[in-house]
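Asks: Sending over a structure as structure tokens; questions will come in a sec.
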Amino acid sequence: MADNKLYEILSVSRNASDTEIKRNYHKLAKEFHPDVNPNAGDRFKEISYAYDVLSDSKKRQTYDRYGLKGLQEGGHGGGAAHDDLFRQFFGDIFGMGGGRSRGRARGEDTIHTLKVSLEDMYVGKTAKLQLSKNVICGDCKGIGGKSGAVVSCRDCHGQGLKVSFQQIAPNMTRQFQTRCPTCQGQGETINDKDKCPKCKGKKVLNETKILEVHVEKGMREDQKIFFRGEGDQAPDMEPGDVIIVLQEKPHDVFQRTGDDLYMKCQISVTEALCGFTSVVEHLDGRDLLVRHTGGVIKPGDIKGIKGEGMPQHKNPFEKGNLYMKFEVNFPENNFATEEQLKQIEALLPPRPAFVMPTGEDVEEVNLMDYTPSERNRGREEAYASDDEEHMHSGPGVQCAHQ
């Protein structure tokens, strides 16, 4: 069965033209370039190697005839330099062994979330985070056993992969690769008696580490804090990063939008009409004395206090604004006598002029207090009336089709 791995990497057919190969290469290289996609380093290596082979007529001919194995052996138009290129790109990516990669592969990043309060983001905080990570075994230096104990896997010949064939039709088979079960894809084995007694041949140990996470003033939801090289360790591999992602806890008083803060403030009708004085406890523990002496505040009005919002990240002396949205609490019914109501009305702006309508179509009605049960009962009566109409009506009218 023909080896189509490199064609699949570039998403082209085996009969693709040079122009099509070049076009797809540029498209994929742009998408997976490390500058654009930092976590796609291995994918970018695959694409580069596939194009290096398929864009060269001699290498492509060798690959079409002998597959990846022929390229690795370097005996069909590739030579030692090409063999080194193969090892560099495919030794770690596909576990096809036969030598070390010139550049160390990089491990995956470890992502953790850290819940912080709005107060923490306002004044700053140092939090301690306990992490569990793999580290290179100090006793065997990441070898897994004593010197010379590690040998190439006999079943996969050090490749870490086994090639199997499956018949899918008469005179037609399918070739596929699976991880070698003997060495678990490592390409090497160690006798039990020769394994490192500390790591049991695993080459790494699990340890707990405490990271100090500095939450700086003004940091925001989903902001990332990086600990370079603090990810899991593995032999011949550069550790990835530990990335802390901040999650803001809901606050009882304040809501944040950018560098601004918003809060609700409930006042009475008297305060809305005549002014008020109140105290707001800020996120850093300060008491803000808020005074409003004149002007009517209507329900839903928003007033701002300049410079009392969140500090700007990296520039904490500059702050956003604090905005207060007012809700006016009206008194209960019968809070005043008829005489008192007349006195209050005398102080308020006059009512709008009212002209009584005339004629036979004028009907006076009474207002009642709204309750959800009344509303639901009205709906139920309407539905019942609707159903009764349908019960007494004839067959439904059919839509006309042209």
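Quick note on the UniProt record's numbering: the sequence shown kicks off at 1 and runs consecutively. All residues carry an ideal CB built from backbone N, CA and C; glycine is no exception. Bear in mind that the values here come from a model prediction, so they are computed numbers and not experimental data.
Can you look up ARG65 in the DSSP assignment and give me helix, strand or coil?
Replies: To locate residue 65, count along the sequence shown from 1; it is residue 65. The answer is helix: DSSP assigns ARG65 an H, G or I state.
Asks: For GLN177, list the residues DSSP reports as bridge partners.
Replies: Residue mapping note: residue 177 aligns to position 177 of the sequence shown, counting from 1. Note: GLN177 sits in a beta bridge opposite VAL163.
Asks: Kindly provide the ranges of any beta strand (DSSP E) runs that are 3 or more residues long and lie completely inside the region 290 to 362, ordered along the chain.
Replies: Runs of the beta strand (DSSP E) inside the region 290 to 362: 302 to 305, 315 to 319 and 322 to 329.
Asks: Closest to LEU114 by CA distance: which of GLY294, LEU246 and GLN255 is it?
Replies: Against the sequence shown, residue 114 aligns to sequence position 114. It is LEU246 whose Cα lies nearest to the Cα of LEU114.
Asks: Whose C-beta lies closer than 8 Å to the C-beta of GLN312 among residues of the same chain, with five residues either side of it excluded?
Replies: Taking the first residue of the sequence shown as 1, we reach residue 312 at position 312. Within the same chain, GLN312 has close Cβ partners GLY218, ASP259, GLU318, LYS319 and GLY320.
Asks: Is it buried or exposed, ASP3, if we count other Cβ atoms within 10 angstroms and call 16 or more buried?
Replies: The sequence position of residue 3 within the sequence shown is 3, counting from 1. Burial call: buried.
Asks: Can you name the residues that DSSP bridges to TYR122?
Replies: Locating residue 122 in the sequence shown gives position 122, where the first residue counts as 1. Note: TYR122 sits in no beta bridge, so no partner.
Asks: Taking the Cβ atom as the reference point for each residue, do GLU188 and VAL163 lie within a distance shorter than 8 Å?
Replies: To locate residue 188, count along the sequence shown from 1; it is residue 188. To locate residue 163, count along the sequence shown from 1; it is residue 163. In this structure, VAL163 does not lie closer than 8 Å to GLU188 by Cβ.
Asks: Can you give the Cα-Cα distance for TYR49 and GLN186, rounded to whole angstroms?
Replies: Residue numbering aside, residue 49 sits at position 49 when the sequence shown is read from its first letter. Residue numbering aside, residue 186 sits at position 186 when the sequence shown is read from its first letter. One C-alpha to the other measures close to 22 Å.
Asks: Since ASP241 and ARG256 are thought to touch, with beta carbons under 8 Å apart, how far apart are those beta carbons, to the nearest angstrom?
Replies: Within the sequence shown, the letter at position 241 stands for residue 241. Within the sequence shown, the letter at position 256 stands for residue 256. Not a contact, Cβ separation roughly 27 Å.
Asks: Say whether chain D places a C-beta atom closer than 8 Å to the C-beta of VAL53.
Replies: Protein chain content of the structure displayed is limited to a single chain, and chain D is not contained in it.
Asks: What first and last residue would you give for the alpha helix (DSSP H) that runs through LEU28?
Replies: Position 28 of the sequence shown, counting from 1, holds the residue named residue 28. That run of the alpha helix (DSSP H) goes 18 to 32.
Asks: Pick helix, strand or coil for ASP232, following the three-state DSSP scheme.
Replies: Sequence index remark: in the sequence shown, residue 232 carries index 232 (1-based). Correct three-state label for ASP232: coil.
Asks: Among the residues of its own chain, which have a CB less than 6 Å from the CB of ARG174, if the five just before and after it don't count?
Replies: Reading the sequence shown from its first residue, position 174 is the one you call residue 174. So the list reads GLN166 and ILE168, once near-sequence residues are dropped.
Asks: Does the Cβ of LYS198 have 16 or more other Cβ atoms within 10 Å, making it buried, or fewer, making it exposed?
Replies: Taking the first residue of the sequence shown as 1, we reach residue 198 at position 198. By the neighbour-count rule (16 or more Cβ atoms within 10 Å), LYS198 is not buried but exposed.
Asks: Would you please state the rounded distance, in angstroms, between the beta carbons of GLU248 and LEU129? I believe it to be under 8 Å.
Replies: Position 248 of the sequence shown, counted from the first residue, corresponds to residue 248. Position 129 of the sequence shown, counted from the first residue, corresponds to residue 129. Incorrect: roughly 17 Å between the Cβ atoms, too far for contact.
Asks: Considering only the alpha carbon of each residue, which of HIS157, LYS195 and GLU207 lies closest to ARG179?
Replies: Reading the sequence shown from its first residue, position 179 is the one you call residue 179. Cα-wise, what sits closest to ARG179 is HIS157.
Asks: Helix, strand or coil, according to DSSP, for THR270 in the structure here?
Replies: As a working note, residue 270 is residue 270 in the sequence shown. If DSSP states are grouped into helix, strand and coil, THR270 belongs with the helices.
Asks: The ligand MG and PHE176: does any heavy atom of the ligand fall closer than 7 Å to the residue's C-beta?
Replies: Ligands are entirely absent from the displayed structure, and the ligand MG is therefore not among its contents.
Asks: Taking ASN15 as the reference, give the member of ALA29, GLY309, ASN39 and GLN61 with the closest Cα.
Replies: The sequence position of residue 15 within the sequence shown is 15, counting from 1. Selected option, being the one with the closest Cα: GLN61.
Asks: By Cβ distance below 6 Å, which residues in the same chain neighbour PHE276 in space, the five residues on each side in sequence not counted?
Replies: Position 276 of the sequence shown, counted from the first residue, corresponds to residue 276. Within the same chain, PHE276 has close Cβ partners ILE267 and HIS292.
Asks: Taking Cβ to Cβ, would you say PRO349 is nearer than 8 Å to PHE326?
Replies: On the sequence shown, position 349 is the one that residue 349 refers to. On the sequence shown, position 326 is the one that residue 326 refers to. Their beta carbons are not under 8 Å apart, which means PRO349 does not touch PHE326 by this criterion.
Asks: Considering only their Cβ atoms, is the gap separating ASP232 from LYS133 smaller than 8 Å?
Replies: As a first step, residue 133 is located in the sequence shown; it is residue number 133 there, counting from the start. As a first step, residue 232 is located in the sequence shown; it is residue number 232 there, counting from the start. Going by C-beta atoms, LYS133 is nearer than 8 Å to ASP232.
Asks: Do ALA105 and GLU230 have their beta-carbon atoms positioned less than 8 Å apart in this structure?
Replies: Looking up residue 230 in the sequence shown gives position 230. Looking up residue 105 in the sequence shown gives position 105. No, these two residues do not count as a Cβ contact at 8 Å.
Asks: Quick one: residues in its chain with C-beta nearer than 8 Å to the C-beta of ILE302, no 5 flanking neighbours on either side, listed in chain order?
Replies: Counting from 1 along the sequence shown, the entry for residue 302 is found at position 302. Once the five neighbours on either side are set aside, the close Cβ partners of ILE302 are TYR323, MET324, LYS325 and PHE326.
Asks: How should THR172 be labelled, buried or exposed, when 16 other C-beta atoms within 10 angstroms of its C-beta is the threshold for buried?
Replies: The residue labelled residue 172 in the question sits at position 172 within the sequence shown. Inspection of the sequence shows that residue 172 is occupied by Met rather than by Thr. Exposed, by the Cβ-count rule.
Asks: Mapping the DSSP letters down to three states, classify SER152 as helix, strand or coil.
Replies: The sequence position of residue 152 within the sequence shown is 152, counting from 1. If DSSP states are grouped into helix, strand and coil, SER152 belongs with the strands.
Asks: Based on the DSSP output, what are the partners of ASP287 in its beta bridges?
Replies: Counted from its first residue, the sequence shown places residue 287 at position 287. DSSP, once it has assigned bridges, lists GLU281 as partnering ASP287.
Asks: Taking DSSP as the reference, what is the three-state secondary structure of ARG220?
Replies: On the sequence shown, residue 220 is found 220 positions in, with the first residue counted as 1. Of the three classes helix, strand and coil, the one that applies to ARG220 here is coil, per DSSP.
Asks: Where does ARG40 fall in DSSP's three states?
Replies: As a first step, residue 40 must be located in the sequence shown, where it is residue number 40. Note that residue 40 is Ala in the sequence shown here, rather than Arg. Residue state, collapsed to three classes: coil.
Asks: Please name the residue, chosen from ALA234, ASP42 and ILE225, that lies closest to ILE244 on a Cα-to-Cα basis.
Replies: In the sequence shown, the residue the question calls residue 244 occupies position 244. That would be ILE225, whose Cα lies nearest to the Cα of ILE244.
Asks: Evaluate contact between the region 38 to 53 and the region 6 to 24, counting only Cβ atoms and requiring at least three cross-stretch pairs below 8 Å.
Replies: Yes, since at least three Cβ pairs between the region 38 to 53 and the region 6 to 24 fall closer than 8 Å, the two stretches touch.
Asks: For GLY47, which residues of its own chain have a beta-carbon under 8 Å away from its beta-carbon, when the five flanking residues on both sides are left out?
Replies: By one-based count along the sequence shown, residue 47 stands at place 47. The sequence shown places Ile at residue 47, rather than the Gly named in the question. Counting only Cβ-Cβ distances below 8 Å, and skipping sequence neighbours, we find ILE9, LEU10, TYR25, LEU28, ALA29 and PHE32.
Asks: Please work out which residues of its chain come closer than 6 Å, Cβ to Cβ, to LYS125, disregarding the five sequence neighbours upstream and downstream, and give them in chain order.
Replies: Translated into the one-based positions of the sequence shown, residue 125 becomes position 125. Within the same chain, LYS125 has close Cβ partners VAL215.
Asks: When you compare each of ASN191, VAL116, LYS5 and ASP109 to TYR66 by their alpha carbons, which one comes out closest?
Replies: Your numbering for residue 66 matches position 66 in the sequence shown. Residue LYS5 is the option with its Cα nearest to TYR66.
Asks: Classify VAL116: buried if its beta carbon has 16 or more other beta carbons within 10 angstroms, exposed otherwise.
Replies: Looking up residue 116 in the sequence shown gives position 116. Buried.
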